[in-house]
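Residue numbers (full-length UniProt numbering), protein chains in the order written: chain X, 1 to 205; chain P, 1 to 205; chain S, 1 to 205; chain E, 1 to 205.
Comments concern the structure below.
4 protein chains.
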Amino acid sequence: MSSRTPDRTPAEPVTPPGDDRGLRADARRNRERVLRTAQRLFAAHGLGVPLDEIARRAGVGPGTVHRHFPTKEALYLAVAIDRIRRLVAEGEALAGTGDPAALFTLLSRMTASGAENAAVKSALAAAEFDLRDAAPDAAADLTHQVARLLDRARRAGVVRHDVTADEVMAIVAGAFAAIRHAGEDAGQERSAHIAGIILDGLRPR
Amino acid sequence: MSSRTPDRTPAEPVTPPGDDRGLRADARRNRERVLRTAQRLFAAHGLGVPLDEIARRAGVGPGTVHRHFPTKEALYLAVAIDRIRRLVAEGEALAGTGDPAALFTLLSRMTASGAENAAVKSALAAAEFDLRDAAPDAAADLTHQVARLLDRARRAGVVRHDVTADEVMAIVAGAFAAIRHAGEDAGQERSAHIAGIILDGLRPR
Amino acid sequence: MSSRTPDRTPAEPVTPPGDDRGLRADARRNRERVLRTAQRLFAAHGLGVPLDEIARRAGVGPGTVHRHFPTKEALYLAVAIDRIRRLVAEGEALAGTGDPAALFTLLSRMTASGAENAAVKSALAAAEFDLRDAAPDAAADLTHQVARLLDRARRAGVVRHDVTADEVMAIVAGAFAAIRHAGEDAGQERSAHIAGIILDGLRPR
Amino acid sequence: MSSRTPDRTPAEPVTPPGDDRGLRADARRNRERVLRTAQRLFAAHGLGVPLDEIARRAGVGPGTVHRHFPTKEALYLAVAIDRIRRLVAEGEALAGTGDPAALFTLLSRMTASGAENAAVKSALAAAEFDLRDAAPDAAADLTHQVARLLDRARRAGVVRHDVTADEVMAIVAGAFAAIRHAGEDAGQERSAHIAGIILDGLRPR
DNA sequence: TATGAATGAGTCTTCATTCAT
DNA sequence: CATGAATGAAGACTCATTCAT
Numbered sequence: 001m002s003s004r005t006p007d008r009t010p011a012e013p014v015t016p017p018g019d020d021r022g023l024r025a026d027a028r029r030n031r032e033r034v035l036r037t038a039q040r041l042f043a044a045h046g047l048g049v050p051l052d053e054i055a056r057r058a059g060v061g062p063g064t065v066h067r068h069f070p071t072k073e074a075l076y077l078a079v080a081i082d083r084i085r086r087l088v089a090e091g092e093a094l095a096g097t098g099d100p101a102a103l104f105t106l107l108s109r110m111t112a113s114g115a116e117n118a119a120v121k122s123a124l125a126a127a128e129f130d131l132r133d134a135a136p137d138a139a140a141d142l143t144h145q146v147a148r149l150l151d152r153a154r155r156a157g158v159v160r161h162d163v164t165a166d167e168v169m170a171i172v173a174g175a176f177a178a179i180r181h182a183g184e185d186a187g188q189e190r191s192a193h194i195a196g197i198i199l200d201g202l203r204p205r
Numbered sequence: 001m002s003s004r005t006p007d008r009t010p011a012e013p014v015t016p017p018g019d020d021r022g023l024r025a026d027a028r029r030n031r032e033r034v035l036r037t038a039q040r041l042f043a044a045h046g047l048g049v050p051l052d053e054i055a056r057r058a059g060v061g062p063g064t065v066h067r068h069f070p071t072k073e074a075l076y077l078a079v080a081i082d083r084i085r086r087l088v089a090e091g092e093a094l095a096g097t098g099d100p101a102a103l104f105t106l107l108s109r110m111t112a113s114g115a116e117n118a119a120v121k122s123a124l125a126a127a128e129f130d131l132r133d134a135a136p137d138a139a140a141d142l143t144h145q146v147a148r149l150l151d152r153a154r155r156a157g158v159v160r161h162d163v164t165a166d167e168v169m170a171i172v173a174g175a176f177a178a179i180r181h182a183g184e185d186a187g188q189e190r191s192a193h194i195a196g197i198i199l200d201g202l203r204p205r
Numbered sequence: 001m002s003s004r005t006p007d008r009t010p011a012e013p014v015t016p017p018g019d020d021r022g023l024r025a026d027a028r029r030n031r032e033r034v035l036r037t038a039q040r041l042f043a044a045h046g047l048g049v050p051l052d053e054i055a056r057r058a059g060v061g062p063g064t065v066h067r068h069f070p071t072k073e074a075l076y077l078a079v080a081i082d083r084i085r086r087l088v089a090e091g092e093a094l095a096g097t098g099d100p101a102a103l104f105t106l107l108s109r110m111t112a113s114g115a116e117n118a119a120v121k122s123a124l125a126a127a128e129f130d131l132r133d134a135a136p137d138a139a140a141d142l143t144h145q146v147a148r149l150l151d152r153a154r155r156a157g158v159v160r161h162d163v164t165a166d167e168v169m170a171i172v173a174g175a176f177a178a179i180r181h182a183g184e185d186a187g188q189e190r191s192a193h194i195a196g197i198i199l200d201g202l203r204p205r
Numbered sequence: 001m002s003s004r005t006p007d008r009t010p011a012e013p014v015t016p017p018g019d020d021r022g023l024r025a026d027a028r029r030n031r032e033r034v035l036r037t038a039q040r041l042f043a044a045h046g047l048g049v050p051l052d053e054i055a056r057r058a059g060v061g062p063g064t065v066h067r068h069f070p071t072k073e074a075l076y077l078a079v080a081i082d083r084i085r086r087l088v089a090e091g092e093a094l095a096g097t098g099d100p101a102a103l104f105t106l107l108s109r110m111t112a113s114g115a116e117n118a119a120v121k122s123a124l125a126a127a128e129f130d131l132r133d134a135a136p137d138a139a140a141d142l143t144h145q146v147a148r149l150l151d152r153a154r155r156a157g158v159v160r161h162d163v164t165a166d167e168v169m170a171i172v173a174g175a176f177a178a179i180r181h182a183g184e185d186a187g188q189e190r191s192a193h194i195a196g197i198i199l200d201g202l203r204p205r
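So, in structure tokens, the structure goes:
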């Protein structure tokens, strides 16, 4: 590349960056495709999906997967962290509204099923690896976000008092599992119903 | 049982037998050891534990594991079915008491953590294979048992009306996952608390 | 056994003995059943048949097979030697008739298909182990028998002169293989035809 | 070929390609090495040779063998099909010469021993798996080729009339077995002699 | 002695990771 | 940088052989 095109990079970080800053456009596109494909496949078939399969579905070679994610665990992590970042961002936005029931809105969104959340369901519910060990920062951010909303809800009297943010997180993970247990084919409505029942347990008696 | 009815079960083992009737004494002992070891290891480390590891820990050769459980899937199943059988038996006993809240007693027992239930947690929560496909009879028995108790609880007005037996099963699976998510080290009390919150969602508003 | 029944063993060796002299009646019967079953299964499915399968089909436990034939190779050998012994006996009988074409009669009988010879076909044709290494005596006996008949046929001018007994043996092995290649379902007639063509090659031009 | 026809095959490899077209140079080289090693070892020690041994001798890892031949059976097949392809090609060439005795030339070549044919000997003679089931096309091609030459030989009166192409194939298989039976160490001359005697059976009486 | 359960070395196969093209 | 072939350490499973009942 000639020195005539130096003005390209400074404008970059519009979208929340992963670890893909400073990559060539094609490299970034590949990283993104691998990440999305991995989310889809992990969610659908568990963490046992072969990397070669992910590479094939993403339309790249296995070597490319390893260039971006040096080990399989790194790919798990990237998938989970990516989802969590989005949830934290959502929580941030909800916190801005001042709604005392924002906690439930966030939790509902988290459990609202659909392909989008499948990866989180899988990653958290499967518990085959523990996010809190692997990506303490991201997990802490999310828990912290939840803690803020929980605090507010508590002050407004819309949530029971004997529950901690950690427990809320565990219960959300449980809701994921329940939905997943109800079956892939359960449908939005059924899933929402189940999640609703579980979240109802959080309301004051 | 009073000592007045000694002619009923003298030849019968006390615990409900698995598929191990008619085996030689040593074979039954080994089968049992493998099954227990598998429960423990699956619960602790997921379904990915090598069979050779299970064999080693059970103090037998890998061939012995295969004699009793021809494939790894057969071992998963045997573990899960064994646990479910016990739950069904518990449900049977509770049904006999006439307590209208027996449903919650059973669910609490199901979720009551401890090594004993760890395998069910793992087997159901992981959902890496679906019991309802693999052992329809055992799963149906359990659901049926739950349905009976749910019906009674409904008539007594101690459970919300908009929930089905299948949904209760899903919610229990969710509670397993939540407990598991809370961590191996969470302790009985904490686990019971989380399960309690989730089950509270089932009570009438 | 009391000393009052010492007259039993001397009368034994009426049928050509295997290695089963001095066995109890039931033990001998088991040995025989294993041998026949092995012949049948080796012929039908090759030397790879599991010993457990042979045991099961013979209606005995695997331990019993090993009592009589300490290794699998010992069983191969016993099967092959048994067949060869019978062929040598047949050759002996034919040699007594004085028929100059007795060689062809023997060879035809050897190739005459049917279950009876299947084991030899397998054992010789497969050549997965070499009889001449493993049971030099039996093989030498048979070759020697063939040599005698070959010599006589030669003197009568009914066989080509440029062929040795070893080559005749090889050609017979070839005929076995040809019949086997023609298919299990070929039928007596077809098999005889093929064997006939091959043996015709031995006649003087 | 004279130098006057250079425009026919410039871009074509000389040996008929297997399924290795379009492979990278190193991949093709490895595939070839595995194939040749497998031919050699199958011929020398039967189909029971461990894949790991083949890999080791070929100087590749076991995974590489599986990349090219996903199962062991696929490797058997590839070996056998490769040999048959060459024989069909030879038959094709011989058919072009117009020689009425071309059948015998082809059969002699087929039976001509040496390392080259060892694999076919093994594959056909062992009959542990049936080519006609596994690779009907290749086997049919060869039989068809033989049928053509047989027909021509019959019209020229150099072969007996009561023999079919299938029987010729069986007899060739028998000749393989006979040669093999005569021993690895028999030498070209001895092998040719035995094969000659067997093929003589095909000539008119 | 017969049985059949147990053993454990050995087999095929998979797949995360490395490296030549 | 991307590709995809190669690697090789496991993993599930088989089966000849041994040994307790």
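For each residue, glycine too, the CB sits at the ideal point set by N, CA and C.
Checklist entry - What three-state label does DSSP hand residue 122/P in the structure shown? => result Confidence is the limiting factor: at residue 122/P the pLDDT is only 48, short of 50, which leaves the residue's position unreliable, though a coordinate-based value still follows. Judged by DSSP in its simplified three-state form, residue 122/P adopts helix.
Item to check | Partner residues on chain P for residue 171/X, Cβ-Cβ distance less than 7 Å | outcome: For residue 171/X, the chain P residues whose Cβ falls inside 7 Å of its Cβ are 178, 194, 197, 198, in order along the chain.
Checklist entry - For residue 41/P and chain X, any beta-carbon pair shorter than 9 Å? => result With a threshold of 9 Å between beta carbons, residue 41/P makes no contact with chain X.
Item to check | residue 161/E: contacting residues in chain S (beta-carbon distance under 8 Å) | outcome: Listed along chain S is no residue with a C-beta nearer than 8 Å to that of residue 161/E; the closest approach is about 12 Å.
Checklist entry - How many angstroms separate the CA atom of residue 128/P from the CA atom of residue 46/X? => result Low confidence applies here, because residue 128/P scores a pLDDT of 46, under 50, leaving its location unreliable; read the following figure in that light. Taking the straight line from one Cα to the other gives about 7 Å.
Checklist entry - Nearest-angstrom Cα distance between residue 166/P and residue 48/X? => result Distance between the alpha carbons of residue 166/P and residue 48/X is about 28 Å.
Item to check | For residue 201/P, the nearest candidate out of 180/P, 155/P, 104/P, 74/P (CA to CA) | outcome: Comparing Cα positions, the closest option is 104/P.
Next on the checklist: Quick check on DSSP: helix, strand or coil for residue 104/X?
Outcome noted: Residue 104/X falls in the helix class under three-state DSSP.
Next on the checklist: Distance cutoff 9 Å, beta carbons only. Does residue 181/P sit that close to anything in chain X?
Outcome noted: Answer yes: the Cβ-Cβ gap between residue 181/P and chain X drops below 9 Å somewhere.
Item to check | Interface partners of residue 175/S on chain E, CB under 7 Å | outcome: For residue 175/S, the chain E residues whose Cβ falls inside 7 Å of its Cβ are 174, in order along the chain.
Item to check | Proximity winner among 157/S, 146/S, 39/S, relative to residue 77/S (alpha-carbon distances) | outcome: Ranked by Cα distance from residue 77/S, the first of 157/S, 146/S, 39/S is 39/S.
Item to check | Ranges of the alpha helix (DSSP H) found wholly within the segment 39-116 of chain P, counting only runs of at least 4 | outcome: Unbroken alpha helix (DSSP H) runs of no fewer than 4 residues, entirely contained in the segment 39-116 of chain P, are found at 51-58, 62-68, 72-95, 102-111, following chain order.
Checklist entry - For residue 136/P, does the three-state DSSP call read helix, strand or coil? => result Residue 136/P: helix per DSSP, three-state reduction.
Checklist entry - Who are the Cβ neighbours of residue 4/S in its own chain at under 8 Å, not counting the five residues just before and after it? => result The predicted model places residue 4/S with a pLDDT of 39, which falls under 50 and marks its position as unreliable; any figure quoted below should be read in that light. Closer than 8 Å at Cβ, skipping near neighbours: no residue.
Checklist entry - Is the Cβ-Cβ distance between residue 149/P and residue 106/P less than 9 Å? => result Contact: yes.
Checklist entry - Do we get a CB-CB distance below 9 Å when we pair residue 166/X with the residues of chain P? => result Cβ-Cβ to chain P under 9 Å: yes for residue 166/X.
Next on the checklist: Within 9 Å of any Cβ in chain E, is that where the Cβ of residue 154/S sits?
Outcome noted: Not one chain E Cβ lies under 9 Å of residue 154/S.
Item to check | Listed by chain order, chain S residues near residue 201/E by CB distance under 9 Å | outcome: Residues of chain S whose Cβ lies closer than 9 Å to the Cβ of residue 201/E are, in chain order, 196, 197, 198, 199, 200, 201, 202, 203.
Next on the checklist: Judging by CA-CA distance, which residue of 70/E, 44/E, 29/E, 82/E is the nearest neighbour of residue 58/E?
Outcome noted: Selected option, being the one with the closest Cα: 29/E.
Checklist entry - Are there 16 or more other CB atoms within 10 angstroms of the CB of residue 71/X, so buried, or fewer, so exposed? => result Residue 71/X is exposed by the Cβ-count criterion.
Checklist entry - Which whole-angstrom value is the C-beta distance of residue 195/S and residue 175/S, which I expect to be below 8 Å? => result The C-beta distance from residue 195/S to residue 175/S rounds to 5 Å, short enough to fall under 8 Å.
Item to check | Where the alpha helix (DSSP H) through residue 165/E begins and ends | outcome: Residues 165-182.
Checklist entry - What is the DSSP secondary structure of residue 142/E, counted as helix, strand or coil? => result The DSSP-derived three-state label of residue 142/E is helix.
Checklist entry - Using a beta-carbon distance below 9 Å, is residue 190/P in contact with chain X? => result Output row for residue 190/P: interface = yes.
Checklist entry - When the distance is taken between beta carbons, is residue 112/S closer than 9 Å to residue 102/S? => result No.
Checklist entry - Between the C-alpha atoms of residue 110/P and residue 100/P, what's the straight-line distance to the nearest angstrom? => result Taking the straight line from one Cα to the other gives about 17 Å.
Checklist entry - Can you check whether the CB of residue 178/X is closer than 9 Å to the CB of residue 206/X? => result A query on residue 206/X cannot be resolved here, the shown segment of chain X reaching from 1 to 205 and no further.
Item to check | Beta-carbon proximity check, residue 172/X vs residue 91/X, cutoff 9 Å | outcome: Not a contact, by the Cβ cut-off of 9 Å.
Next on the checklist: Please confirm whether residue 48/P has its beta-carbon closer than 9 Å to some beta-carbon of chain X.
Outcome noted: With respect to chain X, the C-beta atom of residue 48/P has a partner C-beta closer than 9 Å.
Item to check | Status (buried if at least 16 other CB within 10 Å, exposed otherwise) for residue 24/E | outcome: Residue 24/E is exposed by the Cβ-count criterion.
Next on the checklist: So, at 8 Å on beta carbons, what are the nonlocal neighbours of residue 154/X in its own chain, with the 5 sequence-adjacent residues on each side left out?
Outcome noted: Taken in chain order, the residues that qualify are 161.
Checklist entry - On the three-state DSSP scale, how would you describe residue 153/P? => result If DSSP states are grouped into helix, strand and coil, residue 153/P belongs with the helices.
Checklist entry - How big is the Cα-Cα spacing for residue 163/X and residue 159/P? => result One C-alpha to the other measures close to 22 Å.
Checklist entry - Which value, in whole angstroms, describes the spacing of the CA atoms of residue 44/E and residue 35/P? => result Rounded to whole angstroms, the separation of the alpha carbons of residue 35/P and residue 44/E is 45 Å.
Item to check | Range covered by the alpha helix (DSSP H) that runs through residue 199/X | outcome: Taken as a continuous stretch (DSSP letters only), the alpha helix (DSSP H) holding residue 199/X covers 188-200.
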